[in-house]
Amino acid sequence: MSSSVSRLVSSVCKKIIKPYSPTPISLRCHKLSYLDQMVGGIYIPLAFFYPKLSNTWSNKPNNVVSQHLEKSLSKVLTYYYPFAGKLNDNISIDCNDNGVEFFITKINCPMFEIFNHPYFEKHNLVYPTEVINNQYTYEGSLAVFQLSHFSCGGIAISMCLSHKVGDGYTFSNFMNHWATMARNALSSEIYPISPKFDGSFYFPPTKDKDSSNVSNNNIVPQREECVSKGFSISSSKLTALKARVINESKVQNPSDTEVVSAFLYQRAMAIKKLVNSSSIRPSLLHQAVNLRPPLPKNTMGNICSLFSILTKEEKEMDLAQVVSKLRKEKEEVKQKYKNAKIEELLPITLEQYRKANDLLVNNSCYDLYRFSSLITFPSYDVDFGWGKPEKVISPLSTSNPPIKNMFVLMADKNRDGVNLTCSMKKQDMLAFERDEELLRFASPTS
Numbered sequence: 001m002s003s004s005v006s007r008l009v010s011s012v013c014k015k016i017i018k019p020y021s022p023t024p025i026s027l028r029c030h031k032l033s034y035l036d037q038m039v040g041g042i043y044i045p046l047a048f049f050y051p052k053l054s055n056t057w058s059n060k061p062n063n064v065v066s067q068h069l070e071k072s073l074s075k076v077l078t079y080y081y082p083f084a085g086k087l088n089d090n091i092s093i094d095c096n097d098n099g100v101e102f103f104i105t106k107i108n109c110p111m112f113e114i115f116n117h118p119y120f121e122k123h124n125l126v127y128p129t130e131v132i133n134n135q136y137t138y139e140g141s142l143a144v145f146q147l148s149h150f151s152c153g154g155i156a157i158s159m160c161l162s163h164k165v166g167d168g169y170t171f172s173n174f175m176n177h178w179a180t181m182a183r184n185a186l187s188s189e190i191y192p193i194s195p196k197f198d199g200s201f202y203f204p205p206t207k208d209k210d211s212s213n214v215s216n217n218n219i220v221p222q223r224e225e226c227v228s229k230g231f232s233i234s235s236s237k238l239t240a241l242k243a244r245v246i247n248e249s250k251v252q253n254p255s256d257t258e259v260v261s262a263f264l265y266q267r268a269m270a271i272k273k274l275v276n277s278s279s280i281r282p283s284l285l286h287q288a289v290n291l292r293p294p295l296p297k298n299t300m301g302n303i304c305s306l307f308s309i310l311t312k313e314e315k316e317m318d319l320a321q322v323v324s325k326l327r328k329e330k331e332e333v334k335q336k337y338k339n340a341k342i343e344e345l346l347p348i349t350l351e352q353y354r355k356a357n358d359l360l361v362n363n364s365c366y367d368l369y370r371f372s373s374l375i376t377f378p379s380y381d382v383d384f385g386w387g388k389p390e391k392v393i394s395p396l397s398t399s400n401p402p403i404k405n406m407f408v409l410m411a412d413k414n415r416d417g418v419n420l421t422c423s424m425k426k427q428d429m430l431a432f433e434r435d436e437e438l439l440r441f442a443s444p445t446s
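Note that my numbering has the sequence shown beginning at 1, numbered continuously upward.
Okay, structure coming up:
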């Protein structure tokens, strides 16, 4: 973060928030699952912006807002106790109730300046500096939060949660559960899901003494110098893309994730061909897939698999054909897990990753594109008692450095369009953001 940007932050205060109730002795040692062991220790950032608090809260002092969040955070940590513990190598988490870090800051600019910044440097202001600058090596608490007060009266609430503890589904449930607990101080509302951190039951950890050897290049991507930028696809443009797919393929009910992922993949390959003045480069699309169901919806942790599609020839770049491939692979993966016994879950998942690696190596792929969709997650329902957020900034968009060729998809506030963040090498991004076909359907969010 440049010094001119960092000067906008003043009066940083740090607190430690501990679980409201002590973690039972029977839950004190949380075993990491095999999939937890596979993921890197990156902290995933997510921020919620509230430009104007409801009338009940608008005239209350800043410390009252903070206390409201701190009390409810303490209560929700009782349910999400691993976040308040300490990682024990790559084996387990000591759920010792040490607590989580909670920062309170003032940002000396109005919120719209953050919204209108073309890239993501200013967005980093709403995250704890030490975490965002050391996302792969941070040694503080496994969850870190920041409440930021803007000069316009709006606030941002951000979290940075360790990927070792859970995936996007876990983080989404955490935030919605926390918000429900905050509102619960004023009502009798109860959160519908009681979380269970039992991923190791479904994906037993390695018995290898050196668990640090458990890794996968698909989950622990190499870091490169990249830039991130946001785009949005409106409801009408999304409908137009879906119509094109329906008219040109057998897929008659394409999902938002399928259509947007295929479109972005197609445009990314097209600009790569243009930048390199060559024929199409063999490319691979990886799509993360949530395994709840078939696993219970209250299972927290890293409960994901993936599927991949390979593109080697220019004729395979057709949008409808890419969507058809995505649908075929997704259905095949779902079928594999549908009737699987518990002891078969890990072998099936590892086979999916091995298959993806083989595609990458055996076809001499030049480019790997990673997609993560949070479209079905209720990110815009996170209401702490003063209304729903105006904007949610998706995870990985502020990764430092960003992950090359990473795309994160989220529903927009109205839930009929898509907001997306993409990270690419700078020269690729310059071509991508000028691509005429991309701009026919996607608008820069700045």
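Cβ atoms here follow ideal geometry from the backbone N, Cα and C, with glycine treated the same way.
query: My guess is that Pro19 and Thr78 are in contact by the Cβ rule of under 8 Å, so how many angstroms apart are they, rounded?; result: 5 Å
query: Over what stretch of residues does the alpha helix (DSSP H) that includes Lys273 continue unbroken?; result: Asp256 to Val275
query: Based on the DSSP output, what are the partners of His30 in its beta bridges?; result: Ile93
query: Using DSSP bridges, identify the partner residues of Tyr369.; result: Leu285
query: What are the start and end residues of the alpha helix (DSSP H) that includes Pro347?; result: Ile342 to Asn362
query: Could you check which residue in Thr257, Gln37, Cys365 and Lys196 has the C-alpha nearest to that of Arg327?; result: Thr257
query: Applying the 10 Å Cβ sphere with the 16-neighbour rule, what's the burial state of Asn90?; result: buried
query: Could you name the residues that DSSP lists as bridge partners for Lys164?; result: Answer by DSSP bridge pairing: none, since Lys164 is not bridged.
query: I'd like to check one pair, Phe384 with Ala179: are the Cβ atoms closer than 7 Å?; result: yes
query: Over the uninterrupted beta strand (DSSP E) stretch that includes Glu101, give me the two end residues.; result: Val100 to Ile107
query: May I have the straight-line CA-CA distance separating Ser261 from Lys164, to the nearest angstrom?; result: 26 Å
query: How big is the Cα-Cα spacing for Glu113 and Phe150?; result: 10 Å
query: Between the stretch 22-36 and the stretch 130-147, are three or more C-beta pairs nearer than 8 Å?; result: no
query: Please tell me whether Leu319 and Leu284 are closer than 7 Å, where the distance is taken between their beta carbons.; result: no
query: Rounding to the nearest angstrom, what Cα-Cα distance links Lys325 and Glu316 in this structure?; result: 10 Å
query: In terms of alpha-carbon separation, which member of Asp358, Tyr353, Tyr138 and Lys388 lies closest to Tyr34?; result: Tyr353
query: Is the Cβ-Cβ distance between Ser228 and Thr421 less than 7 Å?; result: yes
query: Could you give the residue range of the beta strand (DSSP E) that holds Gln146?; result: Ala143 to Phe150
query: Spatial neighbours of Ser249 within its chain, please: C-beta separation below 8 Å, excluding the five flanking residues on both sides.; result: Ala320, Gln321, Val323 and Ser324
query: How do the stretch 80-87 and the stretch 356-371 stand: do at least 3 beta-carbon pairs fall below 8 Å, yes or no?; result: no
query: Can you give me the Cβ contacts of Asp198 inside the same chain, cut-off strictly under 7 Å, excluding the 5 residues immediately before and after it?; result: Thr299
query: Mind checking whether Ile107 and Val39 have CB atoms under 7 Å apart?; result: no
query: Report the CB separation of Pro205 from Leu345 in whole angstroms; it is logged as a contact under 8 Å.; result: Not confirmed; about 13 Å, so no contact.
query: Would you mind sorting Val76 into buried or exposed? The rule is 16 or more other CB atoms within 10 Å of its CB.; result: buried
query: Taking the alpha helix (DSSP H) that Val323 belongs to, which residues open and close that run?; result: Leu319 to Lys338
query: Give a yes or no on whether the C-beta atoms belonging to Thr237 and Phe441 are separated by under 7 Å.; result: It is Lys, not Thr, that sits at residue 237 in the sequence shown. Closer than 7 Å, so yes.
query: Please name the residue, chosen from Cys95, Pro51 and Phe103, that lies closest to Asn63 on a Cα-to-Cα basis.; result: Phe103
query: So for Lys75, helix, strand or coil by DSSP?; result: helix
query: Would a C-beta distance cut-off of 7 Å place Pro45 and Met111 closer than the cut-off?; result: no
query: Does the Cβ of Lys242 have 16 or more other Cβ atoms within 10 Å, making it buried, or fewer, making it exposed?; result: buried
query: Evaluate Ile219 with the Cβ neighbour count: other Cβ atoms within 10 Å of its Cβ, from every protein chain shown; 16 or more gives buried, anything less gives exposed.; result: For Ile219, the pLDDT reaches just 48, beneath the cut-off of 50, and the residue's location in the model is therefore unreliable, although a value from the coordinates is still provided. Its Cβ being crowded by 16 or more others within 10 Å, Ile219 is buried.
query: Let me know the secondary structure DSSP gives Tyr80 once reduced to three states.; result: coil
query: Alpha carbon to alpha carbon, how far is Asp428 from Phe407?; result: 14 Å
query: What does Ser236 pair with, by DSSP beta-bridge criteria?; result: DSSP lists no partner for Ser236.
query: Nearest to Val392 by CA position, among Asp36, Ser11, Phe49 and Tyr43, is which residue?; result: Phe49
query: Among the candidates Lys413, Ile233 and Gly387, whose CA atom is the shortest distance from the CA of Phe377?; result: Lys413
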